[in-house]
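Peer 1: Have a look at the structure that comes next, please.
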Amino acid sequence: MFSIAKTFKISILSLKSANPGVSLDQLKAGQVLSIPIQTLDGTGVSPVRTTLSNPKSPTNVNESNASKIPTLVNKSASTDPSSLNADQKEALDIHNKARARISKACNTPRPALKWNSTLAAEADAYAKRLMQSGSFLHSGTKGEGENLAKFMPATNGSMAKGVEMWLGEEKDYHGEPIDANYGMYGHWTQVIWPTTTEVGLGVARGSGVCVVVGRYKEPGNLRGSSAWYGKVKI
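Spelled out as structure tokens, the structure:
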């Protein structure tokens, strides 16, 4: 009981009030509780339903080895939007329109993404690597989120069309906490992730193929969190 109250930063009295008739001293794994969470605007509380389980540390599903601590590198290199080319600007605008729409629908503000030239250079280099090798696998770069898209023929592809492809996964996501089976919607949830602040995209064309890579900071798709709210499903 005390650990639950501490985790959600609420008082034991509030926890008891939200769960009348439940013996909080004899909780078991699998039991469902209501958690009163203060709304972001401070006007009241929103009920959260959570299922008890054995505690696990949140894990970024983009990381291949969670036991390793990533080396922190300063990659803050925000770019003036006026310096972007037409494809870059359109791709950024599509991101931010989707984020603004979800923020309004969920009443959960998230920042508009800024274009990061360092992330874009990394994404561009990796897109060329994928195109030349013929492979289509995530890089596993620590501390960054990553989205991939591939088009054939190459003339069908662009950064903006890559983002539109990722947005097409919205229909498969319903606010649930991210788990290991996020492949059907993981590109979409990274695009709208509440704590992501910067993005950079790259594109490569050759041999009839167009590859688009998106890199994100901070990374999204944190296991156990909802892409709508950044915490638990409401």
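Residue numbering for the sequence shown follows our numbering, starting at 39 and increasing by one per position.
Glycine included, each C-beta is placed from N, C-alpha and C at the ideal position.
Please work out which residues of its chain come closer than 8 Å, Cβ to Cβ, to asparagine 19, disregarding the five sequence neighbours upstream and downstream, and give them in chain order.
Peer 2: Outside the displayed span of the chain (39 to 272) sits residue 19, for which this structure offers no information.
Peer 1: Below 6 Å CB to CB, which residues in the same chain sit around glutamate 160 once its five sequence neighbours on both sides are set aside?
Peer 2: Here the set comprises Arg253.
Peer 1: In whole angstroms, what is the alpha-carbon distance linking serine 264 and alanine 242?
Peer 2: If I take the Cα positions, the gap works out to 32 Å.
Peer 1: Quick one, which of Trp153, Ala143, Glu256 has its alpha-carbon nearest glycine 181's?
Peer 2: Cα-wise, what sits closest to glycine 181 is Glu256.
Peer 1: DSSP three-state call for arginine 261: helix, strand or coil?
Peer 2: Arginine 261 falls in the coil class under three-state DSSP.
Peer 1: Quick one: measure Cβ to Cβ for glycine 183 and valine 250, integer angstroms, because I've assumed they're closer than 8 Å.
Peer 2: The pair is not a contact, with the Cβ atoms about 14 Å apart (cut-off 8 Å).
Peer 1: Tell me whether alanine 165 is buried or exposed, calling it buried when 16 or more other Cβ atoms sit within 10 Å of its Cβ.
Peer 2: So alanine 165 counts as buried.
Peer 1: Can you round the beta-carbon distance between alanine 198 and isoleucine 140 to whole angstroms, since I take them to be within the 8 Å contact cut?
Peer 2: At roughly 19 Å, the Cβ-Cβ gap does not stay under 8 Å, so alanine 198 and isoleucine 140 are not in contact.
Peer 1: Give the straight-line distance between the Cα atoms of aspartate 162 and alanine 124, rounded to the nearest whole angstrom.
Peer 2: Each residue's alpha carbon lies about 16 Å from the other.
Peer 1: So is threonine 234 buried or exposed if we call it buried at 16+ other beta carbons inside 10 Å?
Peer 2: Buried is the call here.
Peer 1: Take glutamate 207 and list the residues in its own chain whose beta-carbon comes closer than 7 Å to its own, dropping the five residues that flank it on each side.
Peer 2: Contacts found: Met222, Tyr223, His225, Trp226.
Peer 1: Using DSSP with H/G/I as helix, E/B as strand and the rest coil, what is glutamate 202?
Peer 2: Of the three classes helix, strand and coil, the one that applies to glutamate 202 here is helix, per DSSP.
Peer 1: Below 7 Å CB to CB, which residues in the same chain sit around methionine 190 once its five sequence neighbours on both sides are set aside?
Peer 2: Contacts found: Gly246, Val247.
Peer 1: Note the first and the last residue of the continuous alpha helix (DSSP H) segment covering lysine 135.
Peer 2: Element bounds for lysine 135: 124 to 144.
Peer 1: From arginine 137 to leucine 205, what does the alpha carbon distance come to, in whole angstroms?
Peer 2: Computed Cα separation, rounded: 11 Å.
Peer 1: Need the endpoints of the alpha helix (DSSP H) that lysine 166 sits in, please.
Peer 2: 155 to 171 is the span of the alpha helix (DSSP H), which, as asked, contains lysine 166.
Peer 1: Would glycine 238 and alanine 158 qualify as a contact pair, given that the criterion is a beta-carbon distance under 7 Å?
Peer 2: A contact, by the Cβ cut-off of 7 Å.
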